[in-house]
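Structure record follows, encoded as structure tokens.
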Amino acid sequence: MAAANLYSTVNLKLSNSFHKNSTNFRHKPISSLFAEPTRTAFEKSETGRRRRILKASILDEFEIERLSVKDYLERSIDLIKPDGGPPRWFSPVESNSSGGGVRFEDSPLLLYLPGLDGVGLGLIMHHQRLGKMFDVWCLHIPVMDRTPFEDHVQLVERTIKSENASAPYRPIYLVGESLGGCLALAVAARNPDIDLMVILANPATSFNKSPMQPILPLLEVIPEQLHAGLPYFLGFVTGGSTCRHYPGLFGQIGVVLEIRTISESYMLEHYLLGDPFKMAMAVVEKGLPLQQAVGELSESVVAMLPSLSVLADILPRESLLWKLQMLRSASSFANSRLHAVKAEVLVLASGKDQLIPSQEEAERLFHMLPACQIRNFAESGHTLFMEDGFDLVTVIKGAGFYRRTKKLDYVSDFMHPNQSEVTKMYDSYSKKTIIVILRWVDVAANPVMLSTLENGEVVKGLGGIPSDGPVVYVGYHMLLGLELGPLVSRFLAEKNILLRGIAHPMMFAKIWERSLPDSSSFDVYRIMGGVPVSANNFYRLLSKKSHVLLYPGGVREALHRKGEAYKLFWPSQSEFVRMAANFGAKIVPFGVVGEDDLFDVVFDYDDYMKFPWSKAWVEDLNNGRVRKLRNEAKGEVTEEDLHFPGILPKIPGRFYFLFGKLIETEGRNEELRDKEKAHELYLHVKSEVERQIEYLKDKRENDPYRTLLSRLIYQASHGFTSEIPTFEV
């Protein structure tokens with residue numbers, strides 16, 4: 001069934017036009033693949049409040065069939081038909097309906113500002129997921145439109161001022177790629193008092209450094225008969241790998257200058273639709289059998305062939321030359337006003353952008369803008385949003401860049417990950433140092449999970465874990481938090497429970513990102529629901545009946561010194577008992593052992609302090625960057641300076657978890673208001689954690705599969721997916 005037949009017909013809403021005769025303009029109806037931008041109503045509860053439809057799973061079960069390049073091509077046919085109209089906004093129907101899902105309450109407006117093509121469908125692969133978080137409007141610039149860049153700025157400016165006046169408490173998102181990135185920065189610079197969140201994908205502010213700059217003047221005068229050889233010439237100038245590897249299939253950027261030639265279509269496909277090699281790799285990464293993978297790739301290419309002719313109509317020669325001129329002025333316009341940008345900015349930079357030096361430009365913008373973050377995509381090309389495997393929603397969530405009010409709220413603004421997001425998390429973040437360690441621990445240390453039933457019986461698995469919240473899991477924090485990976489993944493897989501970790505503020509501090517080898521190192525914690533440690537966040541998680549993971553020993557425990565394995569560094573006074581009792585939360589103490597079978601600490605904090613150079617490094621790392629969490633506490637728990645302990649790996653042993661008998665606080669609120677009673681319960685929880693650690697240390701001596709070699713031998717005879725036994729409980 002053709003895409004145009006899936007929906008009824010509506011009109012495309014025009015923006016306030018720039019054209020003098022715009023009041024007499026009559027636009028034609030188009031397919032309702034696009035709807036006029038309007039605030040979408042939410043499902044209302046009995047109280048009249050908007051709400052989401054609750055799902056049985058803790059994961060977001062809103063799964064979609066992701067739209068594709070073929071959809072981009074088919075829907076572009078409607079949009080590029082000449083109608084004499086000015087630039088305008090449209091709202092994709094799939095982002096409004098969200099496939100039957102319900103949008104978050106008070107979702108902010110997202111304005112998409114396109115690149116050179118101007119069609120406005122650059123986010124087509126992301127419309128449905130974005131539609132749950134945002135009210136999505138896309139800017140469409142007709143093919144033959146010749147509106148100057150400054151007038152585009154005024155259009156967007158009028159829109160954000162109007163929307164801000166109607167909802168001043170909500171931020172407005174500007175998502176611009178390439179040329180649209182210049183437009184977003186220009187608007188942000190002219191409107192510093194409006195709450196804007198700016199996302200830039202390979203912004204063309206570095207257009208003056210484009211490899212094409214030396215030959216751009218020639219493009220306007222080159223004879224028509226020489227256009228056929230242009231792809232190869234420009235591929236040589238820009239160093240484009242695609243031209244060399246696929247000269248007969250996909251050309252380089254210069255082919256776009258042809259008007260009605262096959263070469264132009266090839267180039268446009270590469271520029272607008274992405275690298276063919278990336279397309280092939282996305283199919284391979286699905287893990288399909290070779291024959292099926294080849295078949296799927298072939299079907300995708302064949303399915304697109306009938307629509308490729310539209311590419312030449314998206315950017316005919318006259319329009320392209322106009323867009324290139326506008327790109328030059330847009331880059332200059334935006335760069336001259338960067339000093340005035342006060343908005344939060346997230347720059348998405350591709351490492352294989354053949355058109356502009358995007359990663360270099362991202363670094364420049366980071367140092368020029370006061371509130372700028374960077375996410376690098378080393379293997380991606382210029383059209384990042386059109387690449388398979390890239391998920392804009394996941395990136396926004398991971399960067400902590402989604403909020404619905406004036407201030408980011410990690411509790412109320414949190415969106416549960418969906419199953420595909422959790423699955424892809426290990427793949428897309430598999431090259432991150434933290435995830436490599438956590439995955440290695442989960443595989444090499446083969447964790448054993450034990451829990452305690454209400455009658456006190458210890459059983460294998462998580463059968464003793466309560467399903468309903470609120471629950472507070474209080475335990476020992478291993479060196480470097482090595483227990484987190486298997487702990488969170490097992491709870492999710494076996495109990496359908498998403499643990500909301502109370503984490504150190506360092507993991508959420510934007511100033512820390514640039515100190516790390518990879519600025520996205522901690523994104524996984526935000527995606528999986530971690531929140532900065534604070535009494536307010538703890539209170540609100542309990543109020544939402546969450547399962548909360550709490551480590552009273554915090555950084556001091558996770559960065560312990562030599563010889564301090566399994567020693568608890570808890571505050572002398574209770575920090576959680578009375579608040580848990582206020583909500584009748586269950587408390588589950590747990591112990592975990594095994595770090596001493598994986599690493600030895602060979603260089604600790606005390607060693608850092610012995611040498612002037614290392615002492616200065618630790619002080620520089622912490623001073624002004626890390627908020628002290630326990631200024632009023634006393635003892636070793638206050639020694640929470642961040643550092644990276646030197647560790648020596650061992651041949652992996654095994655991890656062991658034991659979750660103790662749950663402690664009920666329901667009905668004890670009045671009793672536990674008494675500080676002494678609360679302190680008694682606090683000490684009881686601490687003693688239970690210590691007892692569980694000792695139990696596991698003793699029991700593991702009787703585990704015949706504690707060593708890596710014994711486990712490998714077992715799996716060799718029983719299958720590598722088989723569950724490995726442990727000691728008798």
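Take 1 as the starting number for the sequence shown in UniProt numbering and just add one per residue. Cβ coordinates follow ideal geometry from the N, Cα and C atoms, glycine included.
Item: Comparing C-alpha positions only, which one of F583, E595 and V471 sits nearest to K650?; Value: E595
Item: Just to confirm my understanding: we take L196, look at its own chain, exclude 5 residues before and 5 after, and list those with CB closer than 8 angstroms. What are they?; Value: I160, P171, I172, Y173, L174, V187, A188, A343 and E344
Item: Within a Cβ cutoff of 6 angstroms, which residues of the same chain sit near Y72, ignoring the five residues on either side of it in sequence?; Value: L121 and I124
Item: Does DSSP put P82 in a helix, in a strand, or in coil?; Value: coil
Item: DSSP on Q354, reduced to helix/strand/coil?; Value: coil
Item: How many angstroms separate the CA atom of A445 from the CA atom of G653?; Value: 6 angstroms
Item: Within 10 angstroms of the Cβ of K397, are there 16 or more other Cβ atoms? Answer buried if so, exposed if not.; Value: buried
Item: Per DSSP, what are the beta-bridge partners of F508 in this structure?; Value: Note: F508 sits in no beta bridge, so no partner.
Item: In or out: D151 buried (at least 16 other Cβ within 10 Å) or exposed?; Value: exposed
Item: Kindly identify the DSSP beta-bridge partner or partners of Q373.; Value: L346
Item: Out of curiosity, what's the CA-to-CA distance linking A201 and P108?; Value: 20 angstroms
Item: Alpha carbon to alpha carbon, how far is E701 from I497? Give it in angstroms, no decimals.; Value: 31 angstroms
Item: Three or more C-beta pairs under 8 angstroms: does that hold for the stretch 463-471 against the stretch 584-593?; Value: yes
Item: Give the range of the alpha helix (DSSP H) segment to which R500 is assigned.; Value: Careful: R500 lies outside any alpha helix (DSSP H), inside the beta strand (DSSP E) at L499 to A503.
Item: Strictly by DSSP, which residues pair up with L185?; Value: In DSSP, L185 forms no bridge with anything.
Item: For residue 792, tell me which candidate among M579, L487, A371 and P211 has the shortest Cα-Cα distance.; Value: The chain is shown from 1 up to 729; residue 792 falls before or after that span and cannot be answered.
Item: With DSSP as the reference, identify every bridge partner of D135, one or two as the case may be.; Value: L109
Item: Please tell me whether R561 and D518 are closer than 7 angstroms, where the distance is taken between their beta carbons.; Value: no
Item: Which residues share a DSSP beta bridge with K586?; Value: V471
Item: Could you tell me whether the stretch 663-675 touches the stretch 607-614, where touching means 3 or more Cβ pairs closer than 8 angstroms?; Value: no
Item: Throw me the rounded Cβ distance for the R500 and G475 pair, which I believe falls under 8 angstroms.; Value: So it is not a contact: roughly 15 angstroms between Cβ atoms.
Item: With DSSP collapsed to three states, give me the class of N202.; Value: coil
Item: Applying the criterion that 16 or more other CB atoms from any shown protein chain within 10 Å of the CB defines a buried residue, is L648 buried or exposed?; Value: exposed
Item: Pick from T452, R490 and E457: whose alpha carbon is nearest that of V422?; Value: R490
Item: Identify every residue that forms a DSSP beta bridge with F196.; Value: First, the residue type needs correcting, since residue 196 is Leu and not Phe in the sequence shown. In the DSSP output, where bridge partners are listed per residue, L196 has I172.
Item: Spatial neighbours of L111 within its chain, please: C-beta separation below 6 angstroms, excluding the five flanking residues on both sides.; Value: W137 and L174
Item: Measuring CB atoms only, is the stretch 614-623 touching the stretch 547-564, in the sense that at least three cross pairs come out at less than 8 angstroms?; Value: no
Item: With distances taken Cα to Cα, identify the nearest neighbour of W570 among P370, G553, C372 and G591.; Value: G553
Item: What are the start and end residues of the beta strand (DSSP E) that includes F657?; Value: Y656 to F659
Item: Return yes when the C-beta of L541 is under 6 angstroms from any heavy atom of the ligand COA, and no when it is not.; Value: The ligand COA is absent from the structure shown, which contains no ligands of any kind.
Item: Restricting to Cα atoms, I'd like to know which of A509, D388 and P357 is closest to F401.; Value: A509
Item: Do M415 and F657 count as a contact pair if the criterion is CB distance below 7 angstroms?; Value: no
Item: Identify whether I124 lies in helix, strand or coil by the three-state DSSP scheme.; Value: coil
Item: Just tell me which of R328, R146 and F659 has its CA closest to the CA of E688.; Value: F659
Item: At the level of alpha carbons, what is the spacing between Y539 and R526?; Value: 18 angstroms
Item: Please report the residue range of the alpha helix (DSSP H) in which F333 lies.; Value: R317 to N335
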